[in-house]
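The sequence shown finishes on residue 1035 if you use this note's numbering, and the numbering steps up by one all the way, no holes.
We treat Cβ as the ideally placed atom computed from N, Cα and C, and that holds for glycine.
Quick caveat: nothing in here was measured; it's all calculated off a predicted structure.
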Amino acid sequence: MNVACGFMVLCLWGVLAGCGGQAALPPKAIVLNQAGAEALEQGDLAVAQARFSLALEFHPEFVEALANLGLVEMQRGNFVQAEVWLDKAVSINRHMAQPHHGLGLLEEHRNRRDRAVEHYREALRIDPGFVPARANLARLYFEAERIDDAREQYLRLVQVAPEDPHGWTGLADCLYRLGRDEQAMRVVQEAVALIGSEAPGLRIHFARILLQKGEMATARAQLGHVTGLSGPTGCEAWAWMALSFLMEASLEKALRCAEQALSMDRNHPLATYVLAMSLAQARDPSAIPWLARARALSPGNSVITEALDRLKSDNPK
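Set out below in structure tokens:
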């Protein structure tokens, strides 16, 4: 399960932290850059562009404003112009992390992940505490199945930004993938004790622990805060909600939740497993293709193989 979410825009504090890297920046330029970053985070690209452009009128070599203009163009899909702004920022001062991070984001948008990794690594060479680059590098390693490398980056992210849930959720994901379930649970419990379970990813991980303890109602209450979200996190919450009902043999509820997850991601392994096993427990012959699909998505799961063999023997052609 991967519920770690990468930063796809510069964090506001990251923009501000870089302002110290340039001498004699006019205060008005700094204020405008901050206001532009806020507009960018809210998705108001026109206002963000206006504010960054005005900041550059006060200081034409304001590196952060140039990098942020690159992000604006990136969000618009104007990758060529985005690269122009980011390259200009690097040419003015290559010893600032923000434009290198921006180039990493640009390469991700172009689906050139190896190049993105190099840009994130360069940003971290300049500033090891630059959280967005650390989070994105760890995420790319995880998605490339470089789990040990991802674990190392998430460990460092937890150290530099313990208040940020992405490091904790990513670290737990890595440990689960490595088969270190008990260690993963300790990480989640430590995170919840430190920063609470309000973050969606931590809610899902905490619910997973509660399910293993048999605390179904409490687990579902945690997941219920997340199922309304769109994207991978909401899908993950529905899948675990489905599993909670399967564990109690509430097959109709398990099916409904699994179908909801699969409507968001047709290839979600856990949701596919729950749907297949719910149908199998109901002795529904339509479970056979779903079990085959579940086995393909989760190779090595003996429970799926046994259920498939049993159902085939009960329903010979």
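- Taking a C-beta distance under 8 Å as the contact criterion, Leu969 and Ser996 qualify as a contact pair.
- Around Val910, the same chain offers Phe924 as residues with beta carbons nearer than 6 Å, after the five sequence neighbours per side are excluded.
- Under the three-state reduction of DSSP output, Leu824 falls in the helix class.
- Along the length of the segment 957–1010, whole alpha helix (DSSP H) runs at least 4 residues long occupy 969–982, 987–999, reported in chain order.
- Rounded to the nearest whole angstrom, the C-alpha separation of Leu973 and Asp1002 is 12 Å.
- Below 8 Å, too few C-beta pairs join the segment 897–910 and the segment 935–948 to call them touching: fewer than three.
- Three or more Cβ pairs closer than 8 Å define a contact, and the segment 915–931 meets that threshold against the segment 870–884.
- Nearest to Leu964 by C-alpha distance, out of Met792, Thr990, Ser948, is Thr990.
- Residues of the same chain with a CB within less than 7 Å of the CB of Met792, apart from the 5 flanking positions on each side, are Ala800, Leu823, Leu824, His827 in chain order.
- If you draw a straight line from the Cα of Leu774 to the Cα of Arg843, it is about 27 Å long.
- Inter-residue distance for Ala851 and Arg833 is about 13 Å (C-alpha atoms, whole angstroms).
- Distance check between Cys892 and each of Arg869, Val876, Leu912 places Arg869 closest, using alpha-carbon atoms only.
- Residue nearest to Asp983 within the set Ser948, Ala994, Met814 is Ser948 (criterion: CA-CA distance).
- Going by C-alpha positions, Thr945 is about 14 Å away from Leu961.
- Here the C-alpha atom of Val1021 lies approximately 35 Å from the C-alpha atom of Leu855.
- By the 16-neighbour rule on beta-carbons within 10 angstroms, His986 is buried.
- Shown here, His777 sits in coil according to DSSP, grouped into three states, outside any helix or strand.
- The criterion of a C-beta distance shorter than 8 Å is satisfied by Ala841 and Ala815.
- One alpha carbon belongs to Gln871, the other to Pro846, and they sit about 11 Å apart.
- Around the beta carbon of His813, a 10 Å sphere encloses fewer than 16 other beta carbons of the protein chains shown; the residue is thus reported as exposed.
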